[in-house]
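Report on the following structure.
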């Protein structure tokens with residue numbers, strides 16, 4: 045049987061939608077079928093600028109795209125404050141939903157989205173692209189190798205970038221009414237997801253914000269950090285910022301091994317990326333150097349990680365559409381846990397850096 | 045004028061003294077002149093096993109070495125609990141002192157050592173070898189480059205290793221009466237020094253231990269972490285452990301650049317070592333890759349970093365001995381600040397993770 049081609053529509057001409065448009069074009073089982081904006085002109089210009097296929101439809105309203113029966117999937121790159129409304133409407137129209145991160149302003153909002161998706165039998169997945177890079181799977185092989193890596197004990201994850209004056213003044217990510225979680229919802233989403241990914245999505249027992257978060261005048265977080273604590277003694281720290289140089293790393297330390305990479309969110313190069321692993325490292329006899337120092341592992345990616353994401357999403361949707369499979373709940377569960385931890389960091393900040401217990 | 049050759053004596057045949065013996069032999073301005081142990085046999089065996097020159101003296105007591113008029117410098121690798129006694133005695137005998145880390149069990153003890161050293165006009169320096177690696181100076185050039193690195197904002201430093209059963213049962217570093225600061229005084233010393241080094245030894249205003257330190261049955265710290273906070277919003281975290289895989293890194297993030305290295309305490313290779321630097325990194329137009337991704341900088345070291353340390357110490361001592369210079373106080377000041385922060389981490393743990401204000 046030929047693989048089903050899944051039709052994607054995009055509501056909103058956000059900057060990130062340009063990258064995802066290309067990803068939909070590159071994914072072998074996806075068709076970029078439509079774009080909607082609040083004006084036909086804007087949507088048409090977006091389609092033209094982003095190499096949409098000639099048969100792609102141009103919609104002058106989001107509702108119009110949602111009513112288009114040829115669309116299987118709606119990609120939602122809208123500001124976070126609009127996610128509940130548009131994701132729920134899309135689900136009610138039986139559209140599967142690829143939802144930008146952060147998925148919501150808080151977990152309560154996200155639960156509404158999940159509820160409507162479940163009621164309508166549609167697949168929900170967030171737009172965390174690096175999850176789908178083949179490198180991520182290779183790194184997971186290391187982390188789950190009891191011999192090479194052992195038990196994971198400590199994880200540090202950090203994503204920062206220096207927003208320019210225009211970003212810090214005008215970007216939706218610094219506006220309380222659009223992306224109210226600021227750096228925590230954006231860069232912090234990735235750092236938090238990295239921790240959950242590394243721990244097989246085992247929620248920590250406690251989250252404690254680090255002192256010294258930085259806010260803009262409107263009260264939106266521009267930089268913050270937190271420590272996460274598990275019952276078994278595992279500990280993780282995250283740090284996110286819009287105010288320092290572009291840096292994105294994970295260091296995961298187990299009893300037998302260490303994993304490190306410096307470009308986990310967006311690889312330096314989309315065609316091949318790498319990570320560093322060490323296992324059972326020790327010192328030479330006089331402790332003047334290492335035995336088993338870290339080695340670099342290079343992983344090729346046939347298509348960019350965002351196209352891998354689209355391909356995986358289209359595969360799940362095809363499975364539902366063609367084979368009557370049920371939506372894969374592991375993706376909204378991952379999204380929800382990430383959101384739950386962001387909420388806890390925010391709550392801990394608001395409570396003067398008190399520990400916040402995590403209740404799933 | 046020919047460079048003065050400074051005569052070193054070692055009191056105590058600790059494991060670390062083997063590495064430092066070799067360093068003294070390798071340093072061009074140092075002579076390995078004597079070793080003392082509590083028994084002549086043990087000292088003689090140590091000298092033989094560690095290629096001491098044939099004219100090196102063997103002392104059957106520490107006192108005897110301290111009384112030896114040919115000795116300029118005493119290297120003290122004894123357990124931390126013995127530092128005050130032997131460093132003070134050595135200083136009173138006008139010996140310059142190279143003191144293993146942690147320098148003391150607390151800053152009060154260290155202040156006694158400093159006082160006696162000052163009263164006797166002797167140079168004091170701690171044995172933090174990596175400070176003297178030529179790589180460290182190269183990295184500092186980056187950190188102080190306002191254009192390439194900008195203002196430092198965030199630093200993470202981590203040093204962990206997995207002690208084996210024997211280590212966790214018998215090593216002096218897990219014994220409350222010998223090295224009572226445990227992992228904090230050992231691995232944590234380096235991580236803390238890295239933070240101070242990166243911030244030009246500007247003390248933070250507040251230190252807060254992270255929840256979840258791990259202790260052995262005797263109450264000695266086996267793993268812990270802390271966050272450090274400066275008035276200007278800089279933030280740092282440290283993590284140290286005897287319970288996880290060998291990992292040692294610094295990530296320092298400025299407004300314009302990032303520095304990272306994975307072997308800051310003991311380089312993978314003693315002859316050349318590297319670090320990774322990035323500056324003004326950003327994404328390509330579609331945010332599918334990086335422009336200005338990190339680059340590796342390799343720095344050769346003519347002699348091992350511990351020999352660089354001995355050479356620098358001997359140079360300072362020669363300057364005092366030959367030219368009548370005053371001891372360089374910047375070294376004990378660095379030691380004291382490091383100790384002060386270790387004390388604060390310990391105090392914060394003891395006070396239930398309360399913030400501890402740093403008073404110099």
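Protein chains in written order, with the numbering used here: chain L, 45 to 404; chain C, 45 to 404.
For every residue, glycine included, the Cβ atom is placed at its ideal position computed from N, Cα and C.
All of these numbers come straight from a predicted model, not from anything done at the bench.
Counting the other CB atoms within 10 Å of its CB gives residue 113 (chain L) a total below 16, which places it among the exposed residues.
Residue nearest to residue 289 (chain C) within the set L:74, L:150 and L:197 is L:197 (criterion: CA-CA distance). For residue 331 (chain L), the neighbours in chain C by C-beta distance under 7 Å run, in chain order, 63 and 310. Taking a contact as a CB-CB distance under 8 Å, the pair residue 284 (chain C) and residue 231 (chain C) counts as one, their CB atoms being some 4 Å apart.
Annotation: Cβ neighbours of residue 256 (chain C) in chain L (cutoff 7 Å, chain order): 273, 277 and 279.
Taking 8 Å as the cut-off, the beta carbon of residue 193 (chain C) is found no closer than this to the beta carbon of residue 277 (chain C). Nearest C-alpha to residue 190 (chain C) among C:387, C:394 and C:324: C:324. Checking the DSSP bridge columns, you'll see residue 103 (chain C) partnered with C:80. Within the segment 175-249 of chain C, the complete alpha helix (DSSP H) segments at least 4 residues long are 178-187, 209-214, 226-229 and 231-242, listed from N- to C-terminus.
Residue 291 (chain C) has its alpha-carbon roughly 40 Å from the corresponding atom of residue 164 (chain C).
Restricting attention to beta strand (DSSP E) runs no shorter than 3 residues, the segment 282-314 of chain L encloses them at 287-298 and 301-305, ordered along the chain. Within chain C, the residues whose beta carbon sits less than 7 Å from that of residue 290 (chain L) are 325 and 326, listed in sequence order. Within chain L, the C-beta atoms nearer than 8 Å to that of residue 306 (chain C) come from 304, 320 and 338, in chain order. Taking 8 Å as the upper bound for CB-CB distance, residue 212 (chain L) and residue 171 (chain L) are not in contact here, some 23 Å apart. For the pair residue 383 (chain L) and residue 148 (chain L), the CB atoms are nearer than the 8 Å cut-off. For residue 388 (chain C), no beta strand (DSSP E) encloses it; the enclosing alpha helix (DSSP H) starts and ends at 374-394. In this structure, residue 244 (chain L) lies away from residue 123 (chain L), with their beta-carbon atoms at least 8 Å apart. For residue 313 (chain C), the C-beta contacts it makes with chain L under 7 Å involve 333, in order along the chain. With a threshold of 16 other beta carbon atoms within 10 Å, residue 139 (chain C) meets it and is buried. Taking 8 Å as the cut-off, the beta carbon of residue 253 (chain C) is found no closer than this to the beta carbon of residue 238 (chain C). Within the segment 335-361 of chain C, the complete beta strand (DSSP E) segments of 3 residues or longer fall at 339-344, listed in chain order. Linking residue 402 (chain C) to residue 240 (chain C) through their CA atoms gives a straight-line distance of about 13 Å.
Counting of Cβ neighbours within 10 angstroms places residue 368 (chain L) among the exposed residues, the total staying below 16. Taking the Cβ atoms as the reference, residue 360 (chain L) lies roughly 5 Å from residue 167 (chain L), within the contact range of under 8 Å.
The Cβ neighbour count for residue 94 (chain L), taken over all protein chains shown within 10 Å, is at least 16; the residue is labelled buried. Remark: C-beta atoms of residue 200 (chain L) and residue 332 (chain L) do not approach each other more closely than 8 Å. For residue 269 (chain L), a Cβ of chain C is located within less than 8 Å of the residue's own Cβ.
Between residue 90 (chain L) and the set L:73, L:218 and L:62, the nearest pair of CA atoms involves L:62. Secondary structure note for residue 170 (chain C): its beta strand (DSSP E) is the uninterrupted segment 168-170.
Residue environment: residue 177 (chain C) is assigned as buried (16 or more neighbouring CB atoms within 10 Å of its CB, all protein chains considered). Assignment of residue 162 (chain L) by DSSP, reduced to helix, strand and coil, places it in the helix class. Proximity of chain L to residue 287 (chain C) at the Cβ level (cut-off 8 Å) is accounted for by 197 and 299, in chain order.
The count of Cβ pairs closer than 8 Å, one atom from the segment 372-390 of chain C and one from the segment 71-91 of chain C, stays below three, leaving the stretches out of contact. Put simply, the backbone Cα of residue 56 (chain C) is about 42 Å away from that of residue 274 (chain L).
Assignment of residue 402 (chain C) by DSSP, reduced to helix, strand and coil, places it in the coil class.
The DSSP-derived three-state label of residue 274 (chain L) is coil.
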